[in-house]
Amino acid sequence: MQKVTFVNTRGESVVFGSSGPYVLQKIDGTANVPADIKSTKSPYQDGSSFVDIQLSDRNISVECFINARSQQELYERRRELTRILNNKMGPGRLVYTNSSRSYVIDAIAEEGAVFGERYVHANLFTVNFIANDPYWRDENQTVKGLRYEAGGLTFPLRLPTQFAQSSYRGNFVNSGDVDTPVEIWYQGPATNPVVQNETTGEYIKVNYELKETDTLIINTAFGNKRVEVLNSDGTRTNVFHWIDLGSTFFQLAPGNNVLKYGSDKDSDQQAATVTIYYNNRYQGG
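Residues in the sequence shown are numbered from 1 upward in steps of one, following full-length UniProt numbering.
See below:
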């Protein structure tokens, strides 16, 4: 079973499936995409040295037909497709579902629906979607909090080593194929709040004093990096220029990632609330 659902920026949707007015016959482009391998070559070197790899845009094409009950309905369905797939509205949300699970990607219909041959009240058509970000994502975003946990390990012996009695960390699993960006919501109070990925050693710190009613929002996505404070009145303050110089807009590496939050003022940490939002990303679905 395969099904494709496209939702445009107005919230209008169309479903290409095994039944209904728009019947899906074939879909291509759900697996891996072409890659451009970057390399360097020195004089007299056999072969070359790998530098990096860049994935191309993802092209997803669907072949379908309109299954109408009358000529009037056929033309109404054609008009509906043209309206929903209007590429002037920009990228929409494309959901691909197979017998195992669902994936989502941001995509735009390159030419809308391209209509082909017509048989009585059935009309063949194709749609080619382009996803500039080639990675599939989970249909539902992962949301998990970093929590204050009191307590520790109790031993019958007196040991010279001191074991921490509290922690401000959590384990986050990236089950995707590649690193994935995070959006961090750090609700105060906090003095110079910091969130660290202990797995990679990277951190992002903002030299700013958060009040109890303030929420620091950090997004580490390429092309959408931002650091701002959501104030109690709903306005937002750009605090990008308050980032500590050693900070990195880190991402979650595939596998387990231990994140930790902190403040220069220890008493703030127990009162603060930190929530992490992210999507696992996949090279093929």
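We treat Cβ as the ideally placed atom computed from N, Cα and C, and that holds for glycine.
Residue j beta carbon less than 8 Å from that of residue i
i      : j      : result
Arg93  : Pro21  : no
Asn197 : Pro254 : no
Phe50  : Phe125 : no
Ile105 : Arg137 : yes
Gln283 : Val182 : no
Val62  : Val127 : yes
Thr275 : Val194 : no
Tyr103 : Gly285 : yes
Gly188 : Glu212 : yes
8 Å Cβ cutoff, residue i in contact with chain D
i     : result
Gly90 : Chain labels in this structure do not include chain D; a single protein chain is all it has.
Reference residue i; option with closest CA among the options
i      : options                        : result
Asn98  : Thr237, Thr180, Asn256, Thr30  : Thr30
Val7   : Asp177, Phe129, Glu183, Gln54  : Phe129
Asp264 : Ser247, Glu228, Val239, Leu210 : Leu210
Gln71  : Arg281, Val120, Asp266, Met1   : Val120
Met89  : Glu63, Tyr103, Lys26, Arg10    : Arg10
Asn87  : Tyr75, Val114, Lys26, Asp244   : Val114
Ser19  : Asp28, Val4, Glu12             : Val4
Supposed close pair residue i, residue j - CB separation, criterion 8 Å
i      : j      : result
Val23  : Ile84  : No, Val23 and Ile84 are not in contact; Cβ-Cβ is about 16 Å, not under 8 Å.
Glu202 : Phe172 : Actually they are not in contact, since the Cβ atoms of Glu202 and Phe172 sit about 14 Å apart, beyond 8 Å.
Val227 : Ile218 : 5 Å
Gln25  : Lys38  : Gln25 to Lys38, Cβ: 38 Å. No contact.
Extent of the continuous beta strand (DSSP E) run through residue i
i      : result
Tyr103 : 102-119
Leu146 : 142-146
Arg169 : 169-174
Arg79  : From DSSP, Arg79 is part of no beta strand (DSSP E) but of the alpha helix (DSSP H) over 71-84.
Ser39  : 35-40
Val95  : 92-97
Trp185 : 182-187
Arg236 : 236-238
Limits of the unbroken alpha helix (DSSP H) element including residue i
i      : result
Ser267 : 266-269
Review point. Hey, is the segment 258-278 in contact with the segment 103-116, meaning 3+ C-beta pairs nearer than 8 Å?
Key: no
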